Amino acid sequence: TFFVRLHAPEYNPFSFENYRVLKAIRDSGHEIGYHSEIVDQAAIWDEDAAECLRRDIDVINRMLGIKVRGVASHGGMTGLNNLDFWKGRAAGEFGLEYEAYDSSERFGLFASSLYVSDSEWTRWKCYDNGTLREGDRRSFGEHVAARPALVYLLIHPDTYFDRHFYE
Numbered sequence: 046t047f048f049v050r051l052h053a054p055e056y057n058p059f060s061f062e063n064y065r066v067l068k069a070i071r072d073s074g075h076e077i078g079y080h081s082e083i084v085d086q087a088a089i090w091d092e093d094a095a096e097c098l099r100r101d102i103d104v105i106n107r108m109l110g111i112k113v114r115g116v117a118s119h120g121g122m123t124g125l126n127n128l129d130f131w132k133g134r135a136a137g138e139f140g141l142e143y144e145a146y147d148s149s150e151r152f153g154l155f156a157s158s159l160y161v162s163d164s165e166w167t168r169w170k171c172y173d174n175g176t177l178r179e180g181d182r183r184s185f186g187e188h189v190a191a192r193p194a195l196v197y198l199l200i201h202p203d204t205y206f207d208r209h210f211y212e
């Protein structure tokens, strides 16, 4: 699944090239989901987070002629946690099949896999069945070499690297 942000300047899905890339992703058979920042949006715009979510999903659906099935909550520098929106809510309430970090039996991928992420920008981190592996900074390739049963990978196009941030 490729999760798309709508509101960050560096992730403009409406630019000529990015729209072309998104169509290629869709046409290659990949799922496109929404990388949501709805708690941030609600704070910035003084709008209801649920309405922000509905509107953004509608925008992606119309833009690409798809039905978004899943949302991954974005973690940023604001100190606000977009996952907080999902406390006491279910993805199905918004016509979705899952939220990427949902630990319910319906989805539960984060809680039942080796999750590897570059989301600390200059170093890797991983979770084993939902529990952070403190100090484990091995790259995705190093984890794959260990042949885990199931890997759940999060990479960002602007920060992915193997050995050094500037390579």
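In the working numbering, each number is its position in the sequence shown, counted from 1, plus 45.
Note that beta-carbon positions come from the ideal geometry of N, C-alpha and C, so glycine has one too.
Bear in mind the structure is a predicted one, so any value in this text is a computation, not a measurement.
Applying the criterion that 16 or more other CB atoms from any shown protein chain within 10 Å of the CB defines a buried residue, is leucine 138 buried or exposed?
The amino acid occupying residue 138 in the given sequence is glutamate; leucine does not appear at that position. Classification of glutamate 138: exposed, given that the 10 Å Cβ count is below 16.
Give the DSSP-derived three-state secondary structure of asparagine 126 in the structure shown.
DSSP places asparagine 126 in strand when its eight states are reduced to three.
Throw me the rounded Cβ distance for the valine 116 and alanine 136 pair, which I believe falls under 8 Å.
Correct: roughly 7 Å between the Cβ atoms.
Quick one: grab the DSSP three-state call for tyrosine 172.
Tyrosine 172 falls in the strand class under three-state DSSP.
Assigned secondary structure, tyrosine 56 (DSSP; H/G/I helix, E/B strand, else coil):
Assignment of tyrosine 56 by DSSP, reduced to helix, strand and coil, places it in the helix class.
Residues that DSSP places opposite isoleucine 77 in a beta bridge
The secondary-structure analysis by DSSP pairs isoleucine 77 across a beta bridge with Phe47.
Could you tell me the alpha carbon to alpha carbon distance between histidine 201 and serine 118, rounded to whole angstroms?
Answer to the nearest angstrom: the Cα atoms are 14 Å apart.
Of the residues Leu154, Ser184, Arg151, which one's Cα is nearest the Cα of aspartate 163?
Nearest C-alpha to aspartate 163: Ser184.
Given a threshold of 16 other Cβ atoms within 10 Å of its Cβ, counted over all protein chains shown, does alanine 191 qualify as buried or as exposed?
Its Cβ having fewer than 16 others within 10 Å, alanine 191 is exposed.
Pull up the distance between the alpha-carbon of tyrosine 64 and that of proline 58, whole angstroms please.
Using only the alpha carbons, I get a separation of about 6 Å.
Pull up the CB-CB distance for tyrosine 197 and tyrosine 160, whole angstroms please, since I reckon it's below 8 Å.
Right, their Cβ atoms sit about 4 Å apart.
Rounded Cβ spacing between glycine 120 and asparagine 127 (contact assumed at less than 8 Å)
Confirmed, Cβ separation roughly 7 Å.
Taking the alpha carbon of glutamate 179 as the point to measure from, which residue in Trp169, Glu187, Arg71 has its own alpha carbon closest?
Among Trp169, Glu187, Arg71, the Cα nearest to that of glutamate 179 is on Trp169.
Look at isoleucine 83 and leucine 109 and say whether their C-beta atoms are less than 8 Å apart.
Cβ distance not < 8 Å, so isoleucine 83 and leucine 109 don't count as in contact.
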